[in-house]
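The structure appears below as structure tokens.
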Amino acid sequence: MLIATDLLKAALLCASNEETRYYLKGVHLSTSGHMVTTDGHRMFVARLNDKPAADVIIPLADVQAALKLAGARCQDIEVTADKIGQIAYTAVDGTFPDWRRVIPTGEEKPSDKPEDSAAHVHFNHAYIGDLAKMGKALAGASMLHPTSASNPCLVTFGERADCFAVLMPVRRTVDRSAVLTRNVVMAG
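Residues are numbered in our numbering as their position in the sequence shown, beginning at 1, plus a constant of 4.
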């Protein structure tokens, strides 16, 4: 099967680097016909032209090496059961999590709390920067579609219908004591 290099480059930005979560430290090819990467805070999903015969997690280092070896002008990389481009790989021995359960459906139940509205959603700034890099790799601006401060946020890339990302919001707790102390000092 051939996989577009722009999709692989975008996917790498969401792959985990944590040794303890080794099953997330790679690119998951699903028999559903999707390529998925996640680090637990953000996820990238792309629809593949072909369906792999079996679920496989290609190690992150092997995907990076294959992209480097292919060069900047390469548009597609061939992936087989044991090779990505010119790089032989041994699949990660692990089970990739059920990635479909965090995809926003648009039917998420809104919270009754005003501070949980989409207007109050916060994201990790580094992840926003990575989404911009993904948009650049995919030749489409990244657009966030938040529904609330507690639900996953769908991210689209211009007119691309073959891929999307999901970004988890940062849970914030407001320390009102710092505000109260500041107000007392300013008033006194």
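A virtual CB, placed ideally from N, CA and C, is assigned to each residue, including glycine.
The structure presented is a predicted model; accordingly, all values stated were derived computationally and were not measured.
For a test of the three-state rule: what should DSSP assign to residue i, helix, strand or coil?
i	result
E82	strand
G30	strand
T42	strand
H149	strand
R104	helix
A69	helix
R164	coil
R175	coil
What residue range is occupied by the uninterrupted alpha helix (DSSP H) comprising residue i?
i	result
T9	T9 to L16
H129	H129 to A141
Would residue i and residue j be called neighbours here (beta carbons separated by less than 9 angstroms)?
i	j	result
A130	G139	no
P150	P118	no
L28	T9	no
L16	L71	yes
I61	I88	no
A57	T35	yes
G30	K55	no
F161	M147	yes
A76	I91	no
Can you grab the Cα-Cα spacing for the pair residue i / residue j, in whole Å?
i	j	result
S45	N21	The sequence given here places His at residue 45; Ser does not occur at that position. The straight-line gap from Cα to Cα measures roughly 12 angstroms.
A65	C18	14 angstroms
R104	C78	30 angstroms
M39	K13	12 angstroms
A95	A50	19 angstroms
A122	T84	42 angstroms
N155	L11	25 angstroms
A136	D59	29 angstroms
Since residue i contacts residue j with CB under 8 angstroms, what's their CB separation in whole angstroms?
i	j	result
D86	I7	Contact flag wrong, Cβ pair sits at about 15 angstroms.
A143	M47	About 20 angstroms; that fails the 8 angstroms criterion.
M5	L73	About 18 angstroms; that fails the 8 angstroms criterion.
D120	A165	The Cβ separation is near 30 angstroms, so there is no contact.
V125	C157	7 angstroms
Could you please give the first and the last residue of the uninterrupted beta strand (DSSP E) stretch that includes residue i?
i	result
V60	V60 to P63
L171	C167 to L171
L158	C157 to F161
Taking 8 angstroms as the cut-off, is the beta-carbon of residue i closer than that to any non-hydrogen atom of the ligand PLP?
i	result
A57	No copy of the ligand PLP occurs in the structure displayed, which carries no ligand at all.
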